[in-house]
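Step one of this worksheet: look at the structure below.
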Amino acid sequence: MTESYYLLIATFLPLLGSPIAYVLAKKRGSNATTWFSFGILAISTTLLFIASSNLHGGRSAYVESYTWSQFGNFGLRLDGLSLQFAIIINILCTVLALYSKPYMLHKIKESFEENFGKKGGDSHSDPGSYKSNTGGNEMESVTISGSNEEQYVNHHMGLYFALYLAFSMGMLGTVLATNLIEFYVFFELMLVPSFFLVAFYGYGERKRIALMFFFWTHAGAVVLLLGLLAMGLFAGGFDYDTVRENVSKIPAQWLVLIIFSLVIGLGVKLAAFVLHIWLPYAHSEAPTPISALLSPAMIGIGAYGLLRLWLELLVGDYSQYSIYINLWGLATMIYGGAMAMMQDDIKRVLAYSSISQMGYILFGIGSDSILGISGGTFMYVSHGLGKAILFMMAGSIILQTGTRSMSKLGGLAGRMPYTAVIAMIGALTIMGIPPTSGFMAEWILFNGVLQSGVTHSDVLRVVAFGLGILATVLSAAYILWMYKRIFLGKTPEKYANIRDPNRYVTVTMAALAAITLILGVYPNPLLNPVTEYIHEMFSTDNTVLQFGNINSVGASLQNHSELVATAGGGS
Amino acid sequence: MVTELQGIIGFEGLGINAWLVWILPFVGASLMPAIAKAGKRVRDYAAVGFALASAISALTLLPLGIHGGQIHSQINWIPMLNVHAGTLADSLSILMANIVAWISLLIFIYSIGYMHGDRNLTRYWFFMLFFIGSMQLIVLSDNLLMVFFGWEGVGLASFALISFWYHDRKKDFVGSPGHYAGGIQMWASPSHAGLKAFLMTKAGDIMMLSGMFLIFGYAGTFGFTELLQDQSWATEMANNNLLVPAAVLIFGGAIGKSAQFPLNEWLLEAMTGPTPVSALIHAATMVKAGVFLVARIGPLFFAVSALNSSQFFEVIAWVGAITAFLLATQALVNPEIKKVLAYSTGSQIGLMMMALGVAGLSSSFVDGYTSGFFHLMSHAMFKASLFMGAGAVLHGVGSRFMTDMGGLRGKMKKTFLFMMMAGLSLAAAPFITSGFWSKDAIIASVLESGYQYSWALFAIAIMVSFMTAFYTFRMLGMTFFGNKSKFIQENESTHHVHEVGAVMWVPFAILAIASIAVGLIGFAFEHQLHEMFSLYLENSFGIHTASLASRDVLPQASSGFEAFEGLNPIAVTASVGAFALGAILGGLVYMKKVISPEIVSKSVVSRAIWKFFYNRWYLNTVLYWGAVIGPLALFRIVWRYFESTIIDGINPGLQGTMTYFSKVIKAGQTGIAQTYLFVFAAGMMIIIMLLFL
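Which chain is which? The protein sequence lines are U and B, in order.
In the working numbering, each number is its position in the first sequence, counted from 1, plus 879.
For the second sequence, position 85 matches number 68 in the working numbering, and the numbering has no gaps at all.
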């Protein structure tokens, strides 16, 4: 335990900056608040990198711990598992802060014109039901302060960034938490700002959709909370370490229920098949920079939760349930991909694509092999980068053309070359084509799934592998088809003169594209820690397929399988 | 950097060259956008310069390759998983690298003329250089994972260059507009063709990945040399009946990339790309990647399997034979010059696959191996030349249909001469063309293999040779002989048919002359190649005739030992006969015009056969119904009746229920105190009753 406060500052600096961002916008305008938020997040990211230099592989961790309450300690922990989640969350938040500026300015000006340009506009918000709610209030309070456009814009830019910073704090806190209750608090803290961001700045029936988003994820969180409470109460403490040590105290019949509640609760967040109801709406109607955070960064935290709360804390009960997670992931993968093929709205394609990609992660987590789990975890990184790029591409197209319906677009590659090139890199990442990080994640993931199937001679797993790897063709199909409909073909007359958006958009996209290319060729900085960590995590669990080749694993598993063979009387 | 060099003394210093061969083009590609700022001319020359630099690096390796040396250098890549990055330059890869490098250099020079004035040349050069880099990566990598990087890289370049003219103008399409087969349109736009090519090869790639994973699972490494050193993985896999499936799965990647049956349909639409792209990627190099992969892993599987892996080679041989026949029949009837060449490419690659497959089935591995690779070399030369010639014709005439050509012999003398030379090589004109020698070697190796069904393969090979000669003469006849077509006459006022400039004709002249030159010394050349590969297979894989005796081989196979004592008389007679028949028939119909091609439509049977071939055996139709329209229809049903109805119905349903309950509760809130008290009292009574009963 060190005496430094890197993680504490990294986590709470954005929260402290949140009101300042609002005041700054009011006083100095949107430019100042954008760069202020960017600066805050950049500092936070830098601190994470500094803290990460204390990691030495294996299960080594950098922990800051403070006494808190009867729930145990309030700690912030950076280790092999949380490292990549934290880094990706913070990089995305930092980069998207800059991206937000042109996009939100455009969006807010549009809504200003809608509200004040022509009287009685506001055809968007549904009549009645929310006038008295918080969501309605904010908008109307501005009406009173006068219809001065600049004031309106500054107010809303400030509000946006204030919420944005709080949102980033929630996400980072969730992955750094060391205590079940702390996890839950951060988990809900990231939900509230994102609810307001969708409700204030979304599209379409934004308030209804925001409420739906809130309702579903909150319901999931409550189910999760029940599981967490049971875990903590049986184990006699809510600190992760306490739970892990006392996992044997949890009665077996309760353990099943706990695992069930964790999987369902986090499954809502992950938008796994059947629990995905809220996602296509929330992701497509959220303002695009927020979509680019919701989709890759936030929903993937569900996967982090599974890894941390189930796989790590509830030692020993993973293998027997893993096949269900694996198959659920497979269903999610195929279903999301199939539904993505049916969409005309760019953002909806991407939303369904996110569902499908979460399926990949679940597929890996349920693989019952270290390689598969590591690949699934690394998938979070690569999906985070790739999907953020594609959402930014969607935003850039909305900015320039005003539409996101692909049937109205076409041939934009010549008009928006930078967007087209960077979008291609994002597309390759999602399709899992080298040299992007997508391939690195996918080959490790699928390798693990197949190895686990072959080693255990499990036909079901091998078939699941076959269908899963076939689903990558489906992913390639919907992504490339989307790309074709946007960027290739004939350009509609209307868009003959459009151009790439300004540098805030193109440079931020290019930055993410560079990261995915670098990680695609040299994944070690993020891949090594997580692989080592997961390796260590299961070092005592013989049922999980270890590293290396089947031969040597076979040797270690031999006793086990021989027993099975003699018991079954097989040859 | 951990470098281990095992070469002939004096070559240690050249390890870096093996890296440079593929790194230089990547560097060039990434610099292209910056160089483009310096001016168009500079950019074009810089691109050619990078291709030249890569070719020179490859050339410096050549002496090492010929003498059977080897450079193997490795660096750490993903230490966690025991994955290294490295290059392995041995005889096979050095020879292949030189073929790729020099042909691409010539095609680059040709591109300067062909693509002159195109507005998007920076993109063109980027992907062309990216392609060479990826291709050389496939050739020179020392492990399967890096091969896969190159594999997807060439796929990406292919996708980007097929849909290079992505604005989908009518003139860039392939296929005859209005041609439907079984309800599927048979013409395609560039962007559609690119998508199709990418997805179909991706289907092959996932098979390859699965095979790689299986091997990695058992061996714990992707490296070719590591796989050879410790061969316990192979025994283990063979015991679990997984060795052949893994090998066949890897071959699945080759099927996709080399457009073999059943993943052959993408190659024809790939002709929407600019002609130099067709020449480089879809004729000379990328589609050969599959053949190269088989040549890379074939000896490995041959060497490591103490048990019988002959099923693997049988699959290769038959896939090759079927493809060769299938695509040759389709080439007979197609009206587009580039598509005829594309069918021909697929068909010839089928022959190469057949040779490599037969190699593993025979007692003398090196015979089939050499003949397959020899055919790869000679095909790369004459097909690249033919494509570039076809590009010159397209340039001159302005139409992709051969029916719009005719009588070009006078106007385009040089193109005619060199296309004729390369065409003779494709048709395998006896004794003077490289195509003849390589095809003859394949036929001989099939005959001498001792494989149970070698007669069937032999028959297919002869039929294919006959058809090849016929369609080559048909193509040359329709293009250069006879009278000017109506199309040319109509456009004569605005567009004059003209010969192309030196920057275009010189590259394909060089390749055409080379294919004849190799043909003139063909036998000696083949002998040299044979010797080189014998050495290579013995040094690297330990495959030699002596050890073969101990292998469990078919008894009659021993005749194969003297394969190079002389020519196989049956093979020579058969291939000369097939050429003569095909050439004479083709010449009579399309050059002399003694027989009218209309003869086909006289009989119902021949018309039906013609239609069957013209509709590509309805494979495209099956593909679209089965893999595109069918799944999309299914997805639409799920979308409409599950996602949009049930899943989306949950929210309103929930909302409705809540509203209903709130109404029920509201109904109770009457505001009348007596009612509340009454309900309260009733509730209390119920509780009391429950407690005491």
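Note that CB positions come from ideal geometry on N, CA and C, so glycine has one too.
Around the C-beta of residue i, are 16 or more other C-beta atoms found within 10 angstroms, so that it is buried, or is it exposed?
i, result
"B:Leu225", "buried"
"U:Ala1151", "buried"
"B:Thr658", "exposed"
"U:Gly1083", "exposed"
"U:Glu1411", "buried"
"U:Gln1199", "exposed"
"U:Thr1419", "exposed"
"B:Asp213", "exposed"
"B:Leu45", "exposed"
With DSSP run on the structure shown, which of helix, strand or coil describes residue i?
i, result
"B:Gly632", "helix"
"U:Trp1157", "coil"
"U:Gln1222", "coil"
"U:Gly1083", "coil"
"U:Ile970", "helix"
"U:His935", "coil"
"U:Phe953", "strand"
"U:Gly1347", "helix"
"B:His50", "coil"
"B:Gly206", "strand"
"B:Ala237", "helix"
"U:Gln963", "helix"
"U:Tyr978", "helix"
"B:Val99", "Residue identity check: residue 99 of chain B is His in the sequence provided, not Val. If DSSP states are grouped into helix, strand and coil, B:His99 belongs with coil."
"B:Ile305", "helix"
"B:Gln435", "coil"
Can you tell me the Cα-Cα spacing of residue i and residue j, whole angstroms?
i, j, result
"U:Leu1405", "U:Phe1257", "8 Å"
"B:Ala36", "U:Ile1249", "44 Å"
"B:Ile445", "B:Arg457", "18 Å"
"B:Phe596", "B:Ser327", "14 Å"
"B:Ser498", "B:Ala229", "37 Å"
"B:Thr642", "U:Trp1189", "37 Å"
"B:Leu47", "B:Ala300", "31 Å"
"U:Leu1353", "U:Val1064", "38 Å"
"B:Thr306", "B:Thr312", "10 Å"
"B:Lys179", "B:His362", "25 Å"
"U:Leu975", "U:Glu1372", "32 Å"
"B:Tyr434", "B:Thr353", "17 Å"
"U:Thr1385", "U:Leu1141", "39 Å"
Quick check on the DSSP output: the alpha helix (DSSP H) that includes residue i runs from which residue to which?
i, result
"U:Thr1280", "Ile1249 to Thr1280"
"U:Arg907", "Tyr885 to Arg907"
"U:Asn1403", "Asn1403 to Met1416"
Check whether the Cβ atoms of residue i and residue j lie closer than 7 Å to each other.
i, j, result
"B:Gly236", "B:Met191", "yes"
"B:Ser517", "B:Val349", "yes"
"B:Ala84", "B:Ala30", "no"
"B:Val157", "B:Glu252", "yes"
"B:Gly187", "B:Gly239", "yes"
"B:Ile320", "B:Met385", "yes"
"U:Gly1251", "U:Leu1324", "yes"
"U:Ile1365", "U:Met1285", "yes"
"B:Ile145", "B:Gly273", "no"
"B:Phe449", "B:Leu564", "yes"
Could you pull the start and end residues of the beta strand (DSSP E) that residue i belongs to?
i, result
"B:Gly69", "Val66 to Ala72"
"B:Val157", "Where B:Val157 is concerned, there is no enclosing beta strand (DSSP E), given that its DSSP letter is neither H nor E."
"U:Ala940", "Ala940 to Ser948"
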